């Protein structure tokens with residue numbers, strides 16, 4: 095028989111290995127600490143989210159690490175060990191005897207005996223205990239289960255040994271050699287190398303391995319729970335991130351965000367949508383309950399403050415449309431809706447939505463203006479025809495009277511005045527016709543440069559203003575009615591002159607521009623493409639914000655009425671003409687600095703004309 099370690103030596107080695115058990119327990123304790131820091135309960139994950147029934151033992155243990163540890167144990171004690179799963183697959187094995195490796199597990203029949211013994215005799219063993227049995231190949235083995243989450247996933251085996259206090263029956267092994275065709279002499283030599291252990295030694299070693307199996311079970315279960323927890327946590331975080339991205343995108347499209355005010359802590363919470371509308375960076379803490387009104391102009395601040403107070407007092411919600419200021423000084427129209435969050439009959443929080451409705455308000459104003467123009471157009475359309483016929487008759491009779499009256503100077507003077515007044519009336523008729531649906535444009539594709547230069551050269555002699563002209567030589571052609579376009583430009587220039595009664599500079603600028611998709615807004619045409627941009631600027635006192643939305647209304651004027659003052663038709667006529675040319679007119683004004691009127695007319699760049707015109711590329715300076 096092979097040399098065997100004494101009881102004292104084996105006990106010492108086992109004690110050394112028990113230090114590894116202590117290290118394992120410390121690792122288990124650390125792992126438990128990690129689990130406690132996980133916000134989701136591991137029990138919830140293991141019981142409802144993780145399917146332990148579908149797991150294999152190899153899924154929950156570190157096979158390489160355990161194999162390495164068992165190799166070291168075998169080198170120290172010469173005790174073999176194996177860990178098998180429920181299918182009989184060997185996951186960890188070390189120190190197996192030659193009689194098992196070279197014979198019993200090589201022959202199909204004896205292998206069946208091994209597997210049958212391993213699987214059947216290991217069943218029914220409670221966790222923390224072990225079973226000692228003699229396999230069907232007449233070798234002693236021991237087994238203890240590896241249980242994970244209440245389910246047995248495999249077993250730990252210690253085996254292929256004999257007891258010192260029993261005498262083996264060699265005839266049994268000779269019979270086995272002959273039955274299965276083994277080389278009898280070699281088979282018996284392998285049997286002679288099988289270790290013989292004292293029963294006390296077996297008890298100590300198995301006690302250690304039972305504890306080891308229990309630790310493997312607990313670590314495996316903890317790994318499952320931790321993996322399930324982390325997986326579920328990742329799933330929840332991904333779901334939150336996906337939903338947050340979705341809500342942020344919807345908020346961006348609708349220009350809407352959510353807010354909440356905690357009336358106890360006086361802290362505020364904003365969604366990304368409000369940060370985008372107001373212009374703050376998301377890493378900036380939003381203004382608290384006591385500072386949130388800073389974005390409201392004084393008039394609307396009082397309205398929101400009162401609504402806020404009433405909601406906090408009685409719980410009634412509010413829904414207001416107010417003006418707001420961004421951090422860049424831009425004025426927006428916003429819808430602010432708020433509701434109370436009650437606790438114990440008291441409002442402890444308020445939450446709601448905040449939406450930029452500036453575009454909707456602008457569209458409503460344009461719709462109102464269009465309806466007003468349409469209404470006036472119908473009125474003017476019916477009147478101007480009769481009025482124009484009467485004026486033609488007056489002019490014809492006055493001309494005939496002048497020719498037949500000879501030298502009647504006094505009568506001629508009256509007739510001259512009548513003729514001048516009649517011509518003014520006729521001019522007014524033409525101007526009113528421009529607002530009428532009956533007005534017909536005679537548009538054709540041509541350059542607007544000549545029309546602009548004519549308008550710039552018609553500066554009234556009585557005016558103290560000068561005109562600064564900057565017209566690009568390579569302007570793209572545009573389809574337009576030159577008479578109507580000149581009428582529009584004249585009205586805009588006249589409006590600029592009237593804004594500077596003490597004199598100043600009227601700037602007339604014309605250039606090619608190409609507007610990209612998404613560059614739209616109140617100051618730009620809705621559709622992208624090539625345009626002529628005609629700008630008329632003055633150095634007047636500017637237009638107040640309240641009046642800026644009304645300057646296109648017919649007969650609305652911020653100037654005194656009179657022969658040399660505005661009659662309130664200039665910009666209305668210009669807007670109507672530009673609209674009939676499928677163009678866009680925008681006005682920007684600052685108090686004390688002046689006003690700029692920009693007209694955008696659809697243009698035809700070279701590519702659209704099949705290169706009939708030699709025109710340089712589009713300028714990018716806007």
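In our numbering, the protein residues as written are 95 to 716. For glycine and all other residues, C-beta sits at the position ideal for the given N, C-alpha and C. None of these values were measured; they are calculated from a predicted model.
Minimum Cα-Cα distance from residue 603 among the listed residues 586, 165 and 623 corresponds to 586. Taking the Cα positions, residue 264 is about 11 Å away from residue 271.
By the criterion of at least three beta-carbon pairs nearer than 8 Å, the segment 323–338 is not in contact with the segment 348–361. The DSSP-derived three-state label of residue 394 is helix.
Closest in alpha carbon position to residue 443, among 308, 363 and 635, is 363. Contact annotation: residue 387 and residue 374 have beta-carbon atoms that are not nearer than 8 Å. A straight-line Cα-Cα distance of about 28 Å links residue 223 and residue 287. Bridge pairing for residue 449: 350 and 429 [DSSP]. Residue 336 counts as exposed, since fewer than 16 other beta carbons sit within 10 angstroms of its beta carbon.
Ranked by Cα distance from residue 677, the options 664, 635, 627 and 641 are led by 627.
Listed in chain order, the non-local C-beta contacts of residue 196 below 6 Å within the same chain number zero, local neighbours out to five positions each way being set aside.
A distance below 8 Å separates the beta carbons of residue 550 and residue 563. Residue 249 is a Cβ neighbour of residue 178, given a cutoff of 8 Å.
Between residue 696 and residue 590, the C-beta gap is not smaller than 8 Å, which leaves the two residues out of contact. For the options 297, 281, 169 and 155, the alpha carbon positioned closest to that of residue 240 is the one of 155. For residue 682, same chain residues with a beta-carbon under 6 Å away, outside a window of 5 residues either side, are 690 in chain order.
The beta carbons of residue 182 and residue 168 sit no closer together than 8 Å. Scanning 158, 254, 232 and 220 for the CA closest to the CA of residue 238 turns up 220.
In this structure, residue 426 sits away from residue 394, with a CB-CB distance that is not shorter than 8 Å.
Distances from the CA of residue 437 to each of 201, 679, 409 and 243 were compared; the closest alpha carbon is that of 409. Residue burial annotation: residue 391 is exposed, with fewer than 16 other C-beta atoms found within 10 angstroms of its C-beta.
Contact between residue 284 and residue 193 holds, with the beta-carbon distance rounding to 4 Å and staying under 8 Å. Around the beta carbon of residue 605, 16 or more other beta carbons sit within 10 angstroms, so the residue counts as buried. The DSSP-derived three-state label of residue 238 is strand. The residue among 291, 566 and 559 with its C-alpha nearest the C-alpha of residue 588 is 559. In the structure shown, residue 544 falls within a helical segment according to DSSP collapsed to helix, strand and coil. Between residue 253 and residue 235, the gap from beta carbon to beta carbon is short of 8 Å.
Counting every other CB atom within 10 Å of its CB across the protein chains shown gives residue 452 a total of 16 or more, marking it as buried.
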